[in-house]
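Everything on this sheet refers to the single structure shown next.
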Amino acid sequence: MKKGFIFDLDGVITDTAKFHYIAWKDLAMDLGITIDETFNETLKGISRMDSLDKILAYGQRDDEFSIEEKEVLAQKKNDAYVQLLADLSEKDLLPGVHDFLVQAKAEAIPCAIASASKNAPMILEKLGVLDFFGHIVDPETLKKGKPDPEIFVKAAESIHVEPQDAIGFEDAQAGIDGIKAAGMYAVGISETEILTGSDLQVASMTELSVEQLITI
261 MKKGFIFDLD
271 GVITDTAKFH
281 YIAWKDLAMD
291 LGITIDETFN
301 ETLKGISRMD
311 SLDKILAYGQ
321 RDDEFSIEEK
331 EVLAQKKNDA
341 YVQLLADLSE
351 KDLLPGVHDF
361 LVQAKAEAIP
371 CAIASASKNA
381 PMILEKLGVL
391 DFFGHIVDPE
401 TLKKGKPDPE
411 IFVKAAESIH
421 VEPQDAIGFE
431 DAQAGIDGIK
441 AAGMYAVGIS
451 ETEILTGSDL
461 QVASMTELSV
471 EQLITI
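Below you can see the structure in the form of structure tokens.
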């Protein structure tokens with residue numbers, strides 16, 4: 261029996277990827293770097309600073325900025341991103357998510373968020389689902405980002421569940437790799453990308469039921 265659920269945020273609970281892309285694209289353009297949607301896919305699931313490092317390396321400008329200057333750039337991107345999120349609401353939950361969380365609560369299955377997003381609490385509140393989660397891992401407390409399993413192990417600990425008794429939900433390969441490295445059952449959520457290593461892959465949460473998953 262599985263005893264806990266660990267969720268990524270972007271691409272699983274809601275889809276704010278388009279807002280990340282707009283904010284990163286505008287910042288990159290200010291730096292004389294052009295990125296497209298294909299490149300933006302390589303930023304899925306990784307932290308803000310790691311994303312910035314990838315963009316600077318892509319534009320061959322990775323040795324031009326101090327840590328302090330990069331922190332200013334990352335904050336500028338985040339400010340733009342948060343502004344784009346101003347109108348986020350319950351209508352922006354991905355299909356099947358609310359029903360699944362209601363089922364989990366009915367079955368007394370604790371849930372946690374394992375996301376690289378520092379904005380997770382604000383986003384979940386806007387989506388109207390913050391109260392469904394017992395804990396949100398603070399990415400500032402992590403030594404390594406995904407695909408390292410640290411964030412998933414911490415999420416499981418936070419809801420008092422052993423990793424092998426938890427199920428992780430991810431839409432990015434880095435996340436799936438992290439879930440498996442933590443020793444968890446991995447559910448991949450993607451309509452287009454094959455998420456290698458997933459124990460189960462679905463196009464959306466509408467295909468899942470809590471009753472079926474907890475007996476895996």
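Residue numbers (our numbering): 261 to 476. Think of the CB as a built atom: it goes at the ideal place given N, C-alpha and C, for glycine as much as any other residue. Keep in mind the model is a prediction, meaning the values are calculated, not measured.
- Annotated as distal: F299 and C371, with beta-carbon spacing of 8 Å or more.
- Counting C-beta atoms within 10 angstroms of its own C-beta, I436 has 16 or more neighbours from the protein chains shown and is therefore classed as buried.
- Rounded to the nearest angstrom, the gap between the Cα atoms of E467 and G264 is 19 Å.
- H420 sits in coil when the DSSP states are folded into three classes, being neither helix nor strand.
- With a beta-carbon spacing of about 13 Å, G438 and P399 fall beyond the 8 Å limit used to define contacts.
- In this chain, F393 is not harboured by any alpha helix (DSSP H), its DSSP state being neither H nor E.
- Of the residues assessed, A317 falls on the exposed side of the cut-off, its CB having fewer than 16 other CB atoms within 10 angstroms.
- In the three-state DSSP reduction, D275 falls in the coil class, being neither helix nor strand.
- About 4 Å separates the Cβ atoms of E451 and A463, confirming a contact at the 8 Å cut-off.
- For the 8 Å CB-CB criterion, L473 and I419 do not form a contact.
- Counting along the chain, I436 sits inside the alpha helix (DSSP H) bounded by residues 433-441.
- Rounded to the nearest whole angstrom, the CA to CA distance from V389 to G305 is 21 Å.
- Non-local C-beta neighbours of S375 in its own chain, meaning closer than 6 Å and more than five positions away in sequence, comprise D268, L269, ordered along the chain.
- By the beta-carbon neighbour count (other beta carbons within 10 angstroms, threshold 16), A366 is exposed.
- When the beta-carbon positions are compared, T274 and D352 come within less than 8 Å of each other.
- Assignment of beta-bridge partners to G428 by DSSP yields I266, A446.
- With fewer than 16 other Cβ atoms from the protein chains shown falling within 10 Å of its own Cβ, A346 counts as exposed.
- Under DSSP, Q461 takes part in a beta bridge, and its partners are G448.
- In the structure shown, A364 adopts helical secondary structure according to DSSP, grouped into three states.
- The beta carbons of I369 and V447 sit about 14 Å from each other, so the pair does not count as a contact at 8 Å.
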